[in-house]
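S.K.:
Protein chains: 2
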Amino acid sequence: MNAIPNNKLQYLKFLSELPLFNDIQDQEIELLLPLIKVINYQKREMFFINVDKRPGLYITFDGQFKLTKVNERGDEMIIRVVSNGEVISPMHFSQYYEASAEFIKDTTLFYLSEYTVNQLVKDNSSFAKNIINMLAENIQSLMMAAEVWRLKNTKERLGWFLASANTNNLGKLPISKSLLASYLGMTAESLSRALKKLGDEGIKIEHKMIKQETGKELCSYCDRVIGVNCNLFGSKNCPLF
Amino acid sequence: MNAIPNNKLQYLKFLSELPLFNDIQDQEIELLLPLIKVINYQKREMFFINVDKRPGLYITFDGQFKLTKVNERGDEMIIRVVSNGEVISPMHFSQYYEASAEFIKDTTLFYLSEYTVNQLVKDNSSFAKNIINMLAENIQSLMMAAEVWRLKNTKERLGWFLASANTNNLGKLPISKSLLASYLGMTAESLSRALKKLGDEGIKIEHKMIKQETGKELCSYCDRVIGVNCNLFGSKNCPLF
DNA sequence: TAAATAAATTGATCTATGTCAAGAAATACA
DNA sequence: TGTATTTCTTGACATAGATCAATTTATTTA
Chain C
1 MNAIPNNKLQ
11 YLKFLSELPL
21 FNDIQDQEIE
31 LLLPLIKVIN
41 YQKREMFFIN
51 VDKRPGLYIT
61 FDGQFKLTKV
71 NERGDEMIIR
81 VVSNGEVISP
91 MHFSQYYEAS
101 AEFIKDTTLF
111 YLSEYTVNQL
121 VKDNSSFAKN
131 IINMLAENIQ
141 SLMMAAEVWR
151 LKNTKERLGW
161 FLASANTNNL
171 GKLPISKSLL
181 ASYLGMTAES
191 LSRALKKLGD
201 EGIKIEHKMI
211 KQETGKELCS
221 YCDRVIGVNC
231 NLFGSKNCPL
241 F
Chain H
242 MNAIPNNKLQ
252 YLKFLSELPL
262 FNDIQDQEIE
272 LLLPLIKVIN
282 YQKREMFFIN
292 VDKRPGLYIT
302 FDGQFKLTKV
312 NERGDEMIIR
322 VVSNGEVISP
332 MHFSQYYEAS
342 AEFIKDTTLF
352 YLSEYTVNQL
362 VKDNSSFAKN
372 IINMLAENIQ
382 SLMMAAEVWR
392 LKNTKERLGW
402 FLASANTNNL
412 GKLPISKSLL
422 ASYLGMTAES
432 LSRALKKLGD
442 EGIKIEHKMI
452 KQETGKELCS
462 YCDRVIGVNC
472 NLFGSKNCPL
482 F
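Going down the list, the sequences are from chains C and H.
Residue numbering for the first sequence follows my numbering, beginning at 1 and increasing consecutively.
Residue numbering for the second sequence follows my numbering, beginning at 242 and increasing consecutively.
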């Protein structure tokens, strides 16, 4: 848990390619480096986010973790799975909101204090814009998640996720099935059954890779928000148009 | 649908008291007035938010509407109920996200174009900060909503909402029961049954007012996020501490 | 590479909440 | 002020998905 040491160049390159530092000069990022703390976590480790804990902004340099809420009964809800290059900013949560982060892989986080972030927002309108975009994306994905949970049944939820992972993650399932089940708000058993139904439609998962018989079966589970990165998007072969 | 006319003073006062214009001089707001469009909608009217529609920012001067998503089967999900003084900014949604607004009361909205908002963010760091706060609050309430939908049963969901309305809206139910049911992701029948169970615990709704037998029954459905405005919050009588 | 551990599947059963239908209460309207 | 319309409540029943238990398959670890 110490300030950035000598891997300077590597870190600089990583940061400069993040959407969070869009339109921000390398020199400026370099000035920031001494203010960034590097924190390492091991798989299965967890920490609580609450009033007392550092309420700043975390950038995932490497690894993966899940942000969760647990109720009195012990039921767990996954709010978000955060991977390489993604940002989470507890400083923008309510002061009294409690959540926990559990690490799925060994993970390295960069930490920026609330004060640092606020100064940047104040002094640099590009950074302010980037923060706004980051929050807007959060809102978008929370709205999508709400929709998926509320309006889709288990098969549709899984199909939707696979359609999204297929275009945005090159057909590779980014998380395990049981974590996915939990993320989609169903049990592992239900996911298994949903997957069998999708199998009948020509959609399969083999060795963590998503396979389609003709390559278009997942289109019926796609929507315009998750589909923007699909190479069919907007073309005459895209059923969404 | 025309630029702000002569009710200048009234509008100015309204705007200057909004969190969105925190730390912004009245003079500056005044310069903004000509850029604001006033739009009136009638109860039951609706409009779709999508790529083609004005993707700016709306301020609710007066009235109430619900932001909803509908799936192919016609099931409706209420994303948010927006009331007096509240802001919604479709410009921060994904370009392809489709939602609809349906007006619950006759409503007057102020509209700021995306360009105007972006200029303000660029030129005025206080405004940028206010936009960030607004988005952060959105994220917070979406996370809370997800939690309520996913981890609470019908009785707990209703109890949670009543606890919140009780402290934040002075015990007055801000919406009808059937709209509330829909907002809480349950049917009107389920809400009715949940309310009966709460009745056994001393929690009732009479003439749209929330009543508790001893005045503390709802505490067991409260949490620290919705409870911040409660006058017991943090005191020795507050069960959350 | 085998043993140990964890993850995924399958079947049987349970349950919370949805659906449908009828009636009561509240609200709007004339 | 009474009638019409909408909203709310109640009961009977249906169902998606949860839970529980037993294997099977995959992944670690020694």
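We put the beta carbon where it would ideally sit given N, CA and C, even for glycine.
So what's C/N71 in DSSP terms, helix, strand or just coil?
M.R.: Residue mapping note: residue 71 of chain C aligns to position 71 of the first sequence, counting from 1. In the structure shown, C/N71 sits in coil (DSSP, three-state: anything other than H, G, I, E or B).
S.K.: What does a CB cutoff of less than 6 Å around H/L308 pick up in its chain, not counting 5 residues either side in sequence?
M.R.: The residue you call residue 308 of chain H lines up with position 67 of the second sequence. Excluding sequence neighbours, H/L308 sits near I320, R321, A340, A342.
S.K.: Measuring alpha carbon to alpha carbon, tell me which of C/L158, C/N118, C/I59 ends up nearest C/L15.
M.R.: Within the first sequence, residue 15 of chain C is the residue found at index 15, counting from 1. The option with the nearest alpha carbon to C/L15 is C/I59.
S.K.: Is there a Cβ from chain H that is less than 8 Å from the Cβ of C/V225?
M.R.: Walking along the first sequence from the start, residue 225 of chain C turns up at place 225. Output row for C/V225: interface = yes.
S.K.: The segment 74–89 of chain C: which residues have C-beta closer than 7 Å to a C-beta of chain H, in chain order?
M.R.: Under the 7 Å Cβ criterion, the segment 74–89 of chain C contributes D75, M77, I79.
S.K.: Between the Cα of H/S354 and those of H/S330, H/N312, H/E458, spot the shortest distance and give me the residue it belongs to.
M.R.: Taking the second sequence and counting its residues from 1, one reaches residue 354 of chain H at position 113. Of the listed residues, the one whose Cα sits closest to H/S354 is H/S330.
S.K.: Inspect the CB distances between the segment 379–390 of chain H and the segment 132–145 of chain C and report whether three or more fall short of 8 Å.
M.R.: When C-beta atoms of the segment 379–390 of chain H are compared with those of the segment 132–145 of chain C, three or more pairs fall below 8 Å, so the two segments count as touching.
S.K.: Is DSSP giving H/L473 helix, strand or coil here?
M.R.: Residue mapping note: residue 473 of chain H aligns to position 232 of the second sequence, counting from 1. DSSP places H/L473 in coil when its eight states are reduced to three.
S.K.: How far does the alpha helix (DSSP H) with H/E355 in it extend, from its first residue to its last?
M.R.: Start at 1 with the first residue of the second sequence, and residue 355 of chain H comes out as number 114. Segment 355–364, the alpha helix (DSSP H) holding H/E355.
S.K.: Of the residues H/K278, H/Y352, H/V311, H/L259, which one's Cα is nearest the Cα of C/L151?
M.R.: Start at 1 with the first residue of the first sequence, and residue 151 of chain C comes out as number 151. Minimum Cα distance to C/L151 is reached at H/V311.
S.K.: Using the beta-carbon count (16 or more within 10 Å), is H/S230 buried or exposed?
M.R.: Past the edges of chain H, shown from 242 to 482, lies residue 230 of chain H, and the structure says nothing about it.
S.K.: Is any beta-carbon of chain H found at less than 8 Å from that of C/C230?
M.R.: In the first sequence, residue 230 of chain C corresponds to position 230, counting from 1. Closer than 8 Å: no.
S.K.: Give a yes or no on whether the minimum CB-CB distance between C/A181 and chain H is below 8 Å.
M.R.: As a position in the first sequence, residue 181 of chain C is number 181, starting the count at 1. For C/A181, the answer is no, since every Cβ of chain H falls outside 8 Å of its Cβ.
S.K.: Could you compute how far the alpha carbon of C/P239 sits from the alpha carbon of C/N153?
M.R.: To locate residue 239 of chain C, count along the first sequence from 1; it is residue 239. To locate residue 153 of chain C, count along the first sequence from 1; it is residue 153. One C-alpha to the other measures close to 21 Å.
S.K.: Alpha carbon to alpha carbon, what distance is there between C/M77 and C/Y183?
M.R.: Here the question's residue 183 of chain C lines up with position 183 in the first sequence. Here the question's residue 77 of chain C lines up with position 77 in the first sequence. Near 7 Å, if we compare the C-alpha coordinates of C/M77 and C/Y183.
S.K.: List, in chain order, every chain H residue whose beta-carbon is nearer than 9 Å to that of C/A128.
M.R.: Position 128 of the first sequence, counting from 1, holds the residue named residue 128 of chain C. Those within 9 Å of C/A128 in chain H are V362, K363, S366, A369, K370, I372, I373.
S.K.: Excluding the 5 residues flanking H/L259 on each side, which residues of the same chain have their C-beta closer than 8 Å to its C-beta?
M.R.: As a working mapping, residue 259 of chain H is identified with position 18 in the second sequence. I300, G326, V328, listed in sequence order.
S.K.: Would you mind telling me which residues of chain H sit closer than 7 Å to C/Q140, beta carbon to beta carbon, in chain order?
M.R.: Taking the first residue of the first sequence as 1, we reach residue 140 of chain C at position 140. Result: F334, S335, Y338.
S.K.: For the alpha helix (DSSP H) containing C/R44, list its first residue and its last residue.
M.R.: Looking up residue 44 of chain C in the first sequence gives position 44. It is not in any alpha helix (DSSP H) - C/R44 carries neither H nor E in the DSSP assignment.
S.K.: So, are the CB atoms of C/Y41 and C/F110 less than 8 Å apart?
M.R.: Residue numbering aside, residue 41 of chain C sits at position 41 when the first sequence is read from its first letter. Residue numbering aside, residue 110 of chain C sits at position 110 when the first sequence is read from its first letter. Contact flag unset, no.
S.K.: The beta strand (DSSP E) spanning C/E76 covers which residue range?
M.R.: Numbered from 1 along the first sequence, position 76 holds the residue referred to as residue 76 of chain C. That run of the beta strand (DSSP E) goes 76–83.
S.K.: Beta-carbon separation of C/I132 and H/I372 under 8 Å?
M.R.: In the first sequence, the residue the question calls residue 132 of chain C occupies position 132. In the second sequence, the residue the question calls residue 372 of chain H occupies position 131. Yes; because the gap between Cβ atoms is below 8 Å, this pair is in contact.
S.K.: Which chain C residues sit within Cβ distance under 8 Å of H/A429?
M.R.: Position 188 of the second sequence, counted from the first residue, corresponds to residue 429 of chain H. Going along chain C, no residue has its Cβ under 8 Å from H/A429, so there is no contact; the nearest lies around 16 Å.
S.K.: Just grab the DSSP bridge partners of H/L350 for me.
M.R.: Locating residue 350 of chain H in the second sequence gives position 109, where the first residue counts as 1. Answer is H/I280, H/T301.
S.K.: At the 8 Å Cβ level, is H/A519 part of the contact set with chain C, yes or no?
M.R.: Because chain H here runs from 242 to 482, residue 519 of chain H falls outside it and cannot be looked at.
S.K.: Please state if the CB of H/K418 and the CB of H/L432 are separated by a distance shorter than 8 Å.
M.R.: As a first step, residue 432 of chain H is located in the second sequence; it is residue number 191 there, counting from the start. As a first step, residue 418 of chain H is located in the second sequence; it is residue number 177 there, counting from the start. Contact: yes.
S.K.: So which residues on chain C does H/W390 lean against when the C-beta distance must stay under 8 Å?
M.R.: For this step, residue 390 of chain H is matched to residue 149 along the second sequence. Going along chain C in sequence order, the residues near H/W390 (Cβ under 8 Å) are A146, W149, R150.
S.K.: Could you tell me the alpha carbon to alpha carbon distance between C/W149 and H/M427, rounded to whole angstroms?
M.R.: As a position in the first sequence, residue 149 of chain C is number 149, starting the count at 1. As a position in the second sequence, residue 427 of chain H is number 186, starting the count at 1. Using only the alpha carbons, I get a separation of about 13 Å.
S.K.: Using a Cβ-Cβ cut-off of less than 7 Å, list which residues of the segment 294–317 of chain H approach chain C; keep chain order.
M.R.: K310, N312, D316
S.K.: Buried or exposed: where does C/Q64 fall if 16 or more other Cβ atoms within 10 Å of its Cβ makes it buried?
M.R.: By 1-based counting over the first sequence, the position of residue 64 of chain C is 64. It counts as buried.
S.K.: Output, in chain order, the set of chain H residues within a Cβ distance shorter than 8 Å of C/G185.
M.R.: By 1-based counting over the first sequence, the position of residue 185 of chain C is 185. Going along chain H in sequence order, the residues near C/G185 (Cβ under 8 Å) are R391.
S.K.: Mind checking if H/M183 is an interface residue toward chain C, Cβ cutoff 8 Å exclusive?
M.R.: Lying outside 242 to 482, the shown extent of chain H, residue 183 of chain H is not represented and no answer is given.
S.K.: State buried or exposed for H/T408, treating a residue as buried only when at least 16 other CB atoms are found within 10 Å of its CB.
M.R.: Counted from its first residue, the second sequence places residue 408 of chain H at position 167. So H/T408 counts as buried.
S.K.: Which residue from C/L170, C/E201, C/R224 puts its Cα closest to that of C/K208?
M.R.: Walking along the first sequence from the start, residue 208 of chain C turns up at place 208. It is C/L170 whose Cα lies nearest to the Cα of C/K208.
S.K.: Whose CA, out of C/K216, C/I226, C/I36, C/L218, lies closest to the CA of C/L120?
M.R.: In the first sequence, counting from the first residue as 1, residue 120 of chain C sits at position 120. Of C/K216, C/I226, C/I36, C/L218, the residue nearest in Cα terms is C/I36.
S.K.: Ends of the beta strand (DSSP E) at C/I203?
M.R.: Locating residue 203 of chain C in the first sequence gives position 203, where the first residue counts as 1. In the DSSP assignment, C/I203 falls within the unbroken beta strand (DSSP E) covering 203–206.
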